[in-house]
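Asks:
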Amino acid sequence: MEVLFKQILPIILFGYFFIFEYRKNKDIAGVIALFIGFITLSSNFAFLVYRTAFQLIEAWLIICYLVYYRFDFHLTKIGKALAVFLFFILFSFLGNKINSELYSSSLINFITIFFVIAYLYKTINDFDRLERILIFLKNLTFIVSAFTIVAFVFEGTRIELTTSNTNYLGYFLGLGFSVAIFFLNQKHGRLVVLVISAAILCTSSRIVMISSVVVAVIYIISNKRKLMVNIAIIAVVVIGAIGVINLTEYISSKRFTAINKDPSALVRVEITEASKNLVAKNPVNGVGYGQFQFQFSKYVGKNSEFLAATDKIVTHNDFLRVVDELGVPAFLFLVYLVLTQFLTLRKLPPNYRKLVSGLLISNVFFSTTHNNLNVFMFWFLLMLPTMVYYMLLKETYVKEIR
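Take the sequence shown: its position 158, counting from 1, is numbered 158 in full-length UniProt numbering, and each next residue is one higher.
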């Protein structure tokens, strides 16, 4: 069943958009196509044409940006931040033995992300468009969640659906959960939250369950209307119960010495140890962007069990990846970006502060246990507080001149 869904879900979701949503969302059609493509095409290997289709969507949006919009994105805080990170990527090439093919593909990927974010910044330029996009994201997540649950009923195992990994499906569902809980007062809002919560459980992604609980708790604390939060409480109980069970098993097992208890945890411990050794010898510009998977074996600890027998692996943590591949200065810059985005939340209107904080928390939490730098969604959500703040400044300015 899951294999069938991999094949047909992209067609169903794009069909849903063009039949039911296109007429009222023509002005943001490119953004919506990008979001649908992100969950159904970008890592869907059911057909080669699917990944090619997503690349064509990105290329189309970049062309639209270059043709229709002024080249002033680089002057914004968002553009400057991405430009600085691009500098660190280029700087990491110096003095390192680079796998040129992987470095080139990683560099091209980030440049693509740069222009996609530029398009999103220029297109999502007011609160009306932002709200319509987020409502569509909620509806999209609901549909994906329904298919996830059905696939789980038939398969009985962790579901990845149209993604390459169950955790990345969980990541997308977690983002949808953050939006859905904000729109809890809309028609069928409670049903949507319950369905998405159940789908998250079908992925068994612990970090997504934890971040979803955090988002739900923040919503409950900040929302005084009890009738609107009862479903959120149910979601917290359901997700939290499963999360506690997993976490209890995780803590009680001896994963630091017994790999058969929890291999994923032991691997991350060994990766952290290798990263410390790597950074100690390459503090300035790392080993080169995208190069950790080929260089880590030189820095494996003496007591390593898993990494010593592995030829290729990733850091499973974006912050580790940055410090390993780009160096300490780039790591400090990324931490600075994250902190400034959380501080920017204070400048936003209360409603948007709650919504954006949920998305930001889900995004950052996921990056602590998985690699997500290579997708536009990470950078879009990381810079979303600043983007919304610019919308607020624009709206205030328009009101003043009137």
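We put the beta carbon where it would ideally sit given N, CA and C, even for glycine.
Under 8 Å Cβ to Cβ from I89, same chain only, skipping five residues before and after it: list those, please.
Replies: In the sequence shown, counting from the first residue as 1, residue 89 sits at position 89. So the qualifying residues of the chain are S106, L107, F110, Y289, L326.
Asks: Note down, in chain order, each residue of its chain lying with its Cβ closer than 7 Å to the Cβ of L384, except the 5 sequence neighbours on either side.
Replies: Within the sequence shown, the letter at position 384 stands for residue 384. If the five residues before and after L384 are omitted, its C-beta is found closer than 7 Å to the C-beta atoms of V356, L359, L360, all from its own chain and listed in chain order.
Asks: Whose C-alpha, out of V314, E160, L334, I124, is nearest the C-alpha of A46?
Replies: Position 46 of the sequence shown, counted from the first residue, corresponds to residue 46. Ranking the options by Cα distance to A46, first place goes to E160.
Asks: Assuming contact is defined by CB atoms lying nearer than 8 Å, are K138 and V84 in contact in what I supplied?
Replies: Numbered from 1 along the sequence shown, position 138 holds the residue referred to as residue 138. Numbered from 1 along the sequence shown, position 84 holds the residue referred to as residue 84. The Cβ-Cβ distance between K138 and V84 does not fall below 8 Å.
Asks: Quick check on the burial criterion: 16 or more other C-beta atoms within 10 angstroms. Buried or exposed for Y68?
Replies: Taking the sequence shown and counting its residues from 1, one reaches residue 68 at position 68. By the neighbour-count rule (16 or more Cβ atoms within 10 Å), Y68 is not buried but exposed.
Asks: Is it right to say N185 is buried, meaning 16 or more other beta carbons lie within 10 angstroms of its own, or is it exposed?
Replies: Locating residue 185 in the sequence shown gives position 185, counting from the first residue. Per the 10 Å Cβ criterion, exposed.
Asks: Smallest Cα separation from L334: which of R321, L345, T344?
Replies: As a working note, residue 334 is residue 334 in the sequence shown. Of the candidates R321, L345, T344, the one whose C-alpha sits nearest the C-alpha of L334 is R321.
Asks: Going by other Cβ atoms of all chains shown within 10 Å of its Cβ, with 16 needed for buried, is A151 buried or exposed?
Replies: Numbered from 1 along the sequence shown, position 151 holds the residue referred to as residue 151. It is buried - the Cβ of A151 has at least 16 other Cβ atoms within 10 Å.
Asks: What ranges does the alpha helix (DSSP H) occupy inside the region 143-222, keeping only unbroken runs of at least 4 residues that lie completely in it?
Replies: 166-182, 189-203, 206-222
Asks: Have a look at T76 and S304 and give me their C-alpha separation to the nearest angstrom.
Replies: Against the sequence shown, residue 76 aligns to sequence position 76. Against the sequence shown, residue 304 aligns to sequence position 304. Cα atoms of T76 and S304: separation of roughly 45 Å, rounded to the nearest angstrom.
Asks: Throw me the rounded Cβ distance for the N25 and R132 pair, which I believe falls under 8 Å.
Replies: Residue 25 sits at position 25 when you count from the first residue of the sequence shown. Residue 132 sits at position 132 when you count from the first residue of the sequence shown. Confirmed, Cβ separation roughly 6 Å.
Asks: Please state the DSSP three-state secondary structure of E325.
Replies: Within the sequence shown, the letter at position 325 stands for residue 325. Here E325 sits in helix by DSSP.
Asks: Count the CB pairs spanning the region 379-396 and the region 200-211 that are closer than 8 Å, and state whether there are at least three.
Replies: Too few Cβ pairs lie closer than 8 Å, so no.
Asks: Under the three-state reduction of DSSP, which class applies to L137: helix, strand or coil?
Replies: Position 137 of the sequence shown holds residue 137. DSSP places L137 in the helix class (H, G or I) of the three-state scheme.
Asks: Going by beta carbon distance, what residues of the same chain come within less than 8 Å of M1, once the five residues before and after it are set aside?
Replies: Counting from 1 along the sequence shown, the entry for residue 1 is found at position 1. Closer than 8 Å at the Cβ level, and outside the excluded window around M1, lie V150, A151, F154, E155.
Asks: Taking the alpha-carbon positions, what's the Y119 to I28 distance?
Replies: Your numbering for residue 119 matches position 119 in the sequence shown. Your numbering for residue 28 matches position 28 in the sequence shown. Roughly 11 Å between the two C-alpha positions.
Asks: What does the alpha-carbon distance come out to for the pair F14 and V213?
Replies: The residue labelled residue 14 in the question sits at position 14 within the sequence shown. The residue labelled residue 213 in the question sits at position 213 within the sequence shown. The alpha-carbon atoms of F14 and V213 are separated by roughly 31 Å.
Asks: Taking DSSP as the reference, what is the three-state secondary structure of K394?
Replies: Position 394 of the sequence shown, counted from the first residue, corresponds to residue 394. Per DSSP, reduced to three states, the secondary structure at K394 is helical.
Asks: Provide the residue span of the alpha helix (DSSP H) that contains T123, from first to last.
Replies: As a position in the sequence shown, residue 123 is number 123, starting the count at 1. That run of the alpha helix (DSSP H) goes 100-123.
Asks: Does the beta-carbon distance from F294 to N99 come in below 8 Å?
Replies: Translated into positions along the sequence shown, residue 294 becomes position 294. Translated into positions along the sequence shown, residue 99 becomes position 99. Yes, Cβ-Cβ distance for F294 and N99 is below 8 Å.
Asks: Check L94 in the structure and name its three-state DSSP category.
Replies: For the purposes of this step, residue 94 is taken as the residue at position 94 of the sequence shown. Looking at L94 - three-state DSSP - the assignment turns out to be coil, as it is neither helix nor strand.
Asks: Give me, in chain order, the residues of the same chain whose beta-carbon lies closer than 8 Å to that of L94; leave out the 5 immediate sequence neighbours on both sides.
Replies: For the purposes of this step, residue 94 is taken as residue 94 along the sequence shown, with counting starting at 1. The answer, listed in chain order, is N285.
Asks: Does N363 come out as helix, strand or coil in the three-state DSSP assignment?
Replies: As a position in the sequence shown, residue 363 is number 363, starting the count at 1. In this structure, N363 counts as helix in the three-state DSSP scheme.
Asks: Please state the DSSP three-state secondary structure of G288.
Replies: In the sequence shown, counting from the first residue as 1, residue 288 sits at position 288. DSSP places G288 in coil when its eight states are reduced to three.
Asks: Under the three-state reduction of DSSP, which class applies to residue 406: helix, strand or coil?
Replies: Nothing in the structure corresponds to residue 406, since the chain is present only between 1 and 402.
Asks: In whole angstroms, what separates the C-alpha of I124 from that of L130?
Replies: Here residue 124 refers to the residue found at position 124 when the sequence shown is read from its first residue. Here residue 130 refers to the residue found at position 130 when the sequence shown is read from its first residue. Whole-angstrom Cα-Cα distance: 6 Å.
Asks: Between the C-alpha atoms of S43 and I36, what's the straight-line distance to the nearest angstrom?
Replies: Taking the first residue of the sequence shown as 1, we reach residue 43 at position 43. Taking the first residue of the sequence shown as 1, we reach residue 36 at position 36. Looking at the two C-alpha atoms, the distance is approximately 12 Å.
Asks: Would you mind working out which of T52, Y121, L41, L9 sits nearest C64, comparing C-alpha positions?
Replies: Working through the sequence shown from its first residue, we reach residue 64 at position 64. The shortest Cα separation from C64 among T52, Y121, L41, L9 belongs to Y121.
Asks: Label A81 either buried or exposed according to how many other C-beta atoms from any shown protein chain fall within 10 Å of its C-beta, with 16 as the threshold for buried.
Replies: As a first step, residue 81 must be located in the sequence shown, where it is residue number 81. So A81 ends up on the buried side.
Asks: In terms of alpha-carbon separation, which member of Y22, S197, T166, V300 lies closest to K276?
Replies: Within the sequence shown, numbered from 1, the residue matching residue 276 stands at position 276. Cα-wise, what sits closest to K276 is V300.
Asks: Determine the closest residue to Q341 out of T52, I78, Q55, L134, with distance taken between C-alpha atoms.
Replies: One-based indexing of the sequence shown puts residue 341 at position 341. It is I78.
Asks: Here's the rule: buried if 16 or more other CB atoms are within 10 angstroms of the residue's CB, otherwise exposed. What is E101?
Replies: Reading the sequence shown from its first residue, position 101 is the one you call residue 101. Classification of E101: exposed, given that the 10 Å Cβ count is below 16.
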